[in-house]
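The structure appears below as structure tokens.
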Amino acid sequence: MSSLSRKVRLEIKQESEQTTTKTLEYEIRGLREDEIPTWANFCASVFAIKANPPPASYFERHYYNDPNRGDSSSIRVMIDTNGDIVSSCRIFSKNLSLGEVDNNDEEKKLRTIEAGGIGEVCTSPLHRRRGLSKILLQDALSIMRESTSCRVSLLHAAHTFLPVYRSRGYESTVSLWSLATIDKTNLFQHAKKYDDASNCKFRLAEFPHDTSRLQFLHQQYSERRFIGCVVRSKEYWDMYLSKELNERIHVMTTCNNDSNTIQAWMSLRPRAEGRMQLIEFGYNVTSLDSKKIIMEVFGIYLSTTTINYQCRRRIETPSTNCCLE
Numbered sequence: 353m354s355s356l357s358r359k360v361r362l363e364i365k366q367e368s369e370q371t372t373t374k375t376l377e378y379e380i381r382g383l384r385e386d387e388i389p390t391w392a393n394f395c396a397s398v399f400a401i402k403a404n405p406p407p408a409s410y411f412e413r414h415y416y417n418d419p420n421r422g423d424s425s426s427i428r429v430m431i432d433t434n435g436d437i438v439s440s441c442r443i444f445s446k447n448l449s450l451g452e453v454d455n456n457d458e459e460k461k462l463r464t465i466e467a468g469g470i471g472e473v474c475t476s477p478l479h480r481r482r483g484l485s486k487i488l489l490q491d492a493l494s495i496m497r498e499s500t501s502c503r504v505s506l507l508h509a510a511h512t513f514l515p516v517y518r519s520r521g522y523e524s525t526v527s528l529w530s531l532a533t534i535d536k537t538n539l540f541q542h543a544k545k546y547d548d549a550s551n552c553k554f555r556l557a558e559f560p561h562d563t564s565r566l567q568f569l570h571q572q573y574s575e576r577r578f579i580g581c582v583v584r585s586k587e588y589w590d591m592y593l594s595k596e597l598n599e600r601i602h603v604m605t606t607c608n609n610d611s612n613t614i615q616a617w618m619s620l621r622p623r624a625e626g627r628m629q630l631i632e633f634g635y636n637v638t639s640l641d642s643k644k645i646i647m648e649v650f651g652i653y654l655s656t657t658t659i660n661y662q663c664r665r666r667i668e669t670p671s672t673n674c675c676l677e
């Protein structure tokens, strides 16, 4: 990753009795390792306007737990004449699945492609409407294009910022989230009956003990079936997901020949207004029914929580996924 810096001069019009022009100077460069805490505090201050703003530790954790982070220069920043960070754009290295390819072998091969993700895009309120994020984004795209391995770029953004990313060549794909009614009483009874009468047990995932099995299940359920999902290495499970989804990954095991084998997993997160977000799930595609697994694991989880769930149903449009080839 290039840490070379360059100067940027912008001509800003100032409206008063007479229109004047002011020249502003910024420096674009890669972040230094010792600046990570300062950068994290900057991101937290910009995103403080959110309903549930992430703390500075959130951004530090995202960086340090990423097994593919490279060096700190993958975080591109813009510095003003006072030496302060005023804008940020981070490049993530991801390996995406392109599905299986049949090459007449007994085992089909998984095709992958290296992608450059974009995240932590933010600008200080005092320096907005100057095109700083666009400049940093273009800088990041230039770096990714210079890479011989990076073939595609993707990001996750609020719908209001779609014109900015489209102007740089990204196209959008929209995912729909569904809010559905939950009948807790029937769900609990069904889940308890299933748990008592079968050889299936439910527990939290344990790392690194469960890593190999979860990696295998994710590859079979997601990576080999769906184009575009992130290929997860053992390091990604151990270093990143185990920390980001801490105590939220629930697994279902079956007892066969005195051994407990994970057959399914699910990650759930409590949200506001009595809602629960299903982050992800997967199961052994050779032996289990998806609907049953969702109901059973969901029921076991809800039966152990004190959250008061409301009965609601609506369709929401979340942030937009953008892709640049």
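So the sequence shown is numbered by my numbering: it starts at 353 and just counts up by one.
Ideal Cβ positions, reconstructed from N, Cα and C, are used throughout, including at glycine.
Report all residues from its chain with a CB closer than 8 Å to the CB of Gly483; omit the five preceding and five following residues, and keep chain order. Excluding sequence neighbours, Gly483 sits near Leu362.
Terminal residues of the continuous beta strand (DSSP E) containing Thr373? It spans Thr372 to Gly382 - the beta strand (DSSP E) in which Thr373 sits, taken as one unbroken run.
Bridge partners of Trp617, per DSSP? In DSSP, Trp617 forms a bridge with Val603 and Gly634.
Looking only at DSSP bridge pairs, what is Asn447 linked to? Answer is Glu466.
Considering only their Cβ atoms, is the gap separating Glu377 from Lys359 smaller than 8 Å? Yes, these two residues count as a Cβ contact at 8 Å.
Verify whether the separation of the beta carbon atoms of Ser476 and Val438 is less than 8 Å. Going by C-beta atoms, Ser476 is nearer than 8 Å to Val438.
Have a look at Glu412 and Glu452 and give me their C-alpha separation to the nearest angstrom. Approximately 35 Å, taken between the alpha carbons.
Considering only the alpha carbon of each residue, which of Tyr588, Glu599, Lys460 and Phe578 lies closest to Ser449? Each of Tyr588, Glu599, Lys460 and Phe578 was checked against the Cα of Ser449, and the nearest Cα belongs to Phe578.
What does the alpha-carbon distance come out to for the pair Val516 and Leu488? It is roughly 12 Å from the alpha-carbon of Val516 to the alpha-carbon of Leu488.
With contact counted as at least three CB pairs below 8 Å, one residue from each stretch, are the region 562 to 578 and the region 394 to 401 in contact? The count of Cβ pairs closer than 8 Å, one atom from the region 562 to 578 and one from the region 394 to 401, stays below three, leaving the stretches out of contact.
Taking the alpha carbon of Leu566 as the reference point, which residue from Lys553, Phe554, Arg584 and Cys552 has its own alpha carbon closest? Of the candidates Lys553, Phe554, Arg584 and Cys552, the one whose C-alpha sits nearest the C-alpha of Leu566 is Arg584.
If I follow the unbroken beta strand (DSSP E) through Val360, where does it start and stop? Residues Arg358 to Gln366.
Let's test the definition: count the other Cβ atoms within 10 Å of the Cβ of Asp423 and tell me whether it reaches 16, buried, or not, exposed. Its Cβ having fewer than 16 others within 10 Å, Asp423 is exposed.
Roughly how many angstroms lie between the CA atoms of Cys474 and Ser440, to the nearest whole one? Near 5 Å, if we compare the C-alpha coordinates of Ser440 and Cys474.
Leu478, buried or exposed, once every other Cβ within 10 Å from all chains shown has been counted against 16: Looking at its Cβ environment, which holds fewer than 16 other Cβ atoms inside 10 Å, Leu478 is exposed.
Measure the CB-CB distance between Leu556 and Ile601 and report whether it falls below 8 Å. The answer is yes: Cβ separation under 8 Å.
Could you tell me which residues DSSP pairs with Pro622 in its beta bridges? Note: Pro622 sits in a beta bridge opposite Met628.
The alpha helix (DSSP H) with Phe568 in it runs from where to where? Thr563 to His570 is the extent of the alpha helix (DSSP H) around Phe568.
Buried or exposed: which applies to Leu620, given that a residue is buried once 16 or more other Cβ atoms fall within 10 Å of its Cβ? Per the 10 Å Cβ criterion, buried.
Among Pro419, Gln366, Ala408 and Ile427, the one whose alpha carbon lies nearest that of Gly382: Checked all of Pro419, Gln366, Ala408 and Ile427; the closest Cα to Gly382 is Ile427.
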